[in-house]
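Engineer: Dropping a structure here in C-alpha cells format, bear with me for questions.
Residue numbers (this note's numbering): 378 to 961.
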C-alpha cells in the first residue's frame, strides 16, 4: 500500500482551537434522573417482560436488519452536510435537520416499545475559534432505556457521531454525506435503539449520537464531563465509528488494509487504551467472548473480532477517548478496512473526509445506486456484535475481586474475595496476546478457591468474572500476574528485573513491551532500546519502573515485517534482551 510521506492529525485536533464545553445539560430532566438512577423501574416496565439472556441474544441477531440500516443511510444522505457548524434552521439540510430527524427516530422507536425510550438532547456551548462566525450552541442526541434494577446505578452507552465533514473542517457548503464516516455508526446506534428497546435489562442503556467529533471529540467530551460532574456511573462505552465499509483505499490509517481494493467483510477491529490491567482491553475481551459463546454458533456469516493493541489508528482518535480520560471503560469498533486515511494531502483520492464519502455510485446510468460503498450486511453483523455485548453487560452480575498466588512452577491459585455470593466464576488466563489463551469455569462452593494447572512456564495474567444463575458473566475484574518457571530454574522472584515477551508477538503494527519489577529499586534512568538484526538502533523508549508490571508501547508502523531486538537498559547497563517479530 502507498503511504503518504507526511502524517497528518486527521481529526484536526492539533490545529483546531476550541474553548471548553460550558452550560452542559439535558433538555429532558426526566432523562437526567434516569441516568442518575433516581426513578421507579415500575414506571418503565414493558407490557411483556423479556429478560432471558438467550432469548435477547437470539432476538437481537434475528431482528437487526440490513434493510433497516440501509434505510437510515438513505435518509441521512438527504441532509447533504452534517457538519457541526452547518445550518441549524433548515428543515431539510444541515446538522439541525439531521438532529431533529434522529430525535424523532428515537421517539418513533419508543412509541413502538411501550414508550420506554426517554429521548433528550444534551445541550452545550462551545466556540470553535478556528472557524469564523460559527454556531456556539450544540446538541448531542440520546435516548435512555431505563433498567429494571436501580441497586447498581451504572449505565451502558452505545454511541456513534452523527456529524460529517469535507477536507476543510469549517466547510458547511460542500456535499458531506459522510456515509462511512459516520453514517454507518449513526445507523448502527439507531438500529439498536429500535431492536433492543423491546427487551428488559438490569442496567440502563443509553443510545447516543454525538456531534462535533470532527471538531475535536467535543460532543463526547460534553457527555463525559456532564457524567463526571453529576456522578453518573458508566459501566461501559461502545463507540462505533467508520463501521460499515469493506473496501481498502489507496491510503488507510494503520494498522489496517493490506492493499488497494482489498475486501474484508468478516472482521471488525476493537481499539482500546492500555495493556496489562486495562479495563478497556478487558471490555474488548468481554465483547469477543460474548460473541464467540452466544452468537457464533447461530450466525450465518462468522465474524473475526480483532482486539487491537493501540487505542486507535495511528494519529487518529474517536469518541471513546474522552470517556477513557474520565476513567470510564471505553472501546472503539471500526471496520477492518478503511477507504482513506483522511489526510487530504496532495494527491489524496480516497473517500474519507471528502464529498466522495457517499453511499455508492450509479454504474449503468439509470439514476439508481447499484454499487455500494457501505456493505449493509456487514454493518448489520457489527450491529449485532455491539447489541449482544451491551445486552449481556446490562443483564450480568457484579464484578468480583480476587487474589492470585502460585506454587512457582505449574499451579495458579485463585481466591474470590469480593462478590462471593455467586456459585460460579470464570477465570481468564492470558500470556502473549491481547486475548485470553483460555477461559476456565468453576462451579460450586469450591469455586471461591480454585487452582489451575499450567503446562508451560512464563508470565501468567489472570482476571475473573462472576456468573449468575442465567449463566451470564460479569465484566472481568482487574488483572493480576505471576511468573511460573521450569522446576529446575530459579523462580523469577529472585530476579529484580524481568523483561517479558512483547504482546502480541508476532505483531502487525504496534506491540506492548513489559518489564516485571519484583521489588522496587533506586535508579536514575531506564530505557527500552529497539535494534534491527544488524545492531542499528531504531528507537529508544523511556520507561518508568515501579514495583510490578511496567509497560511501554512500541509503534513499528504498518506494512513492515521482520525481526527486531529489544533491550532493557538501566543506568547505562544492558539488563536483558528479547526478539520480537512483525508481520504484515
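The C-beta atom is built at its ideal place from N, Cα and C for all residues, glycine as well.
#1: Starting from residue 950, follow the beta strand (DSSP E) in both directions and report where the run begins and ends.
#2: So, are the CB atoms of residue 645 and residue 713 less than 9 angstroms apart?
#3: Measuring alpha carbon to alpha carbon, tell me which of 677, 843, 831 ends up nearest residue 784.
#4: Taking the alpha carbon of residue 833 as the reference point, which residue from 803, 787, 839 has its own alpha carbon closest?
#5: With DSSP as the reference, label residue 891 as helix, strand or coil.
#6: Between the C-alpha atoms of residue 454 and residue 736, what's the straight-line distance to the nearest angstrom?
#7: In three-state DSSP terms, what is residue 755?
#8: Which of the three DSSP states, helix, strand or coil, is assigned to residue 929?
#9: Could you check whether residue 752 and residue 843 sit closer than 9 angstroms to each other, using their CB atoms as the reference points?
#10: Apply the 10 Å Cβ neighbour rule to residue 397 and answer buried if 16 or more other Cβ atoms are within range, or exposed otherwise.
#11: For residue 545, which residues in the same chain have their Cβ closer than 8 angstroms to its Cβ, ignoring the five residues on either side in sequence?
#12: If you draw a straight line from the alpha carbon of residue 726 to that of residue 628, how long is it in whole angstroms?
#13: If you draw a straight line from the alpha carbon of residue 472 to that of residue 774, how long is it in whole angstroms?
#14: Please report the distance separating the alpha-carbon of residue 718 from that of residue 557.
#15: Which complete beta strand (DSSP E) runs does the stretch 622-693 hold, if anything under 3 residues is left out?
#16: Would residue 707 be called buried (16 or more neighbouring beta carbons within 10 Å of its own) or exposed?
#17: Assuming residue 533 is part of the beta strand (DSSP E), what are its boundary residues?
#18: What residue from 716, 946, 938 has the CA that sits closest to residue 921's CA?
#19: Measure the C-alpha to C-alpha separation of residue 744 and residue 728 and round it to an integer number of angstroms.
#20: Within 8 angstroms, do at least three Cβ pairs link the stretch 582-593 to the stretch 670-689?
#21: Return the bridge partner residues of residue 515 from the DSSP annotation.
#22: Our contact map puts residue 575 next to residue 638 with C-beta atoms below 8 angstroms; I'd like the distance itself, whole angstroms only.
#23: Confirm, please, whether the CB-CB distance from residue 888 to residue 686 is below 9 angstroms.
#24: Based on the DSSP secondary-structure assignment, which residues constitute the bridge partners of residue 411?
#25: Helix, strand or coil for residue 771? Go by DSSP, reduced to three states.
#26: Would you please state the rounded distance, in angstroms, between the beta carbons of residue 705 and residue 614? I believe it to be under 8 angstroms.
#27: Compute the Euclidean distance between the alpha carbons of residue 598 and residue 414, then round it to the nearest angstrom.
#28: Is the beta carbon of residue 591 less than 9 angstroms from the beta carbon of residue 446?
#29: How is residue 617 classed by DSSP in three states: helix, strand or coil?
#30: Our contact map puts residue 701 next to residue 657 with C-beta atoms below 8 angstroms; I'd like the distance itself, whole angstroms only.
#31: Residue 505 and residue 462 - do their beta-carbons sit closer together than 9 angstroms?
#32: Alpha carbon to alpha carbon, how far is residue 603 from residue 502?
#33: Please look up how many angstroms separate the CB atoms of residue 906 and residue 943, rounded, as I've assumed it's under 8 angstroms.
#34: So, for residue 897: in the same chain, excluding its five sequence neighbours on each side, which residues have a beta-carbon less than 6 angstroms away from its beta-carbon?
#35: Around the C-beta of residue 798, are 16 or more other C-beta atoms found within 10 angstroms, so that it is buried, or is it exposed?
#36: Tell me, to the nearest whole angstrom, how far the beta carbon of residue 816 is from that of residue 829; I am working on the premise that it is less than 8 angstroms.
Structural biologist: A quick look at the data gives this:
#1: 950-959
#2: yes
#3: 831
#4: 787
#5: strand
#6: 8 angstroms
#7: helix
#8: If DSSP states are grouped into helix, strand and coil, residue 929 belongs with the strands.
#9: no
#10: exposed
#11: Within its own chain, the residues whose Cβ lies closer than 8 angstroms to the Cβ of residue 545, once the five positions on either side in sequence are excluded, are 551, listed in chain order.
#12: 9 angstroms
#13: 39 angstroms
#14: 13 angstroms
#15: 644-648, 681-684
#16: buried
#17: 532-538
#18: 946
#19: 21 angstroms
#20: no
#21: 501
#22: At roughly 40 angstroms, the Cβ-Cβ gap does not stay under 8 angstroms, so residue 575 and residue 638 are not in contact.
#23: yes
#24: Paired residue(s): none; residue 411 is not in a bridge.
#25: helix
#26: 6 angstroms
#27: 22 angstroms
#28: no
#29: strand
#30: At roughly 6 angstroms, the Cβ-Cβ gap stays under 8 angstroms, so residue 701 and residue 657 are in contact.
#31: yes
#32: 13 angstroms
#33: 7 angstroms
#34: Contacts found: 924.
#35: exposed
#36: Contact doesn't hold; Cβ gap of about 11 angstroms is too wide.
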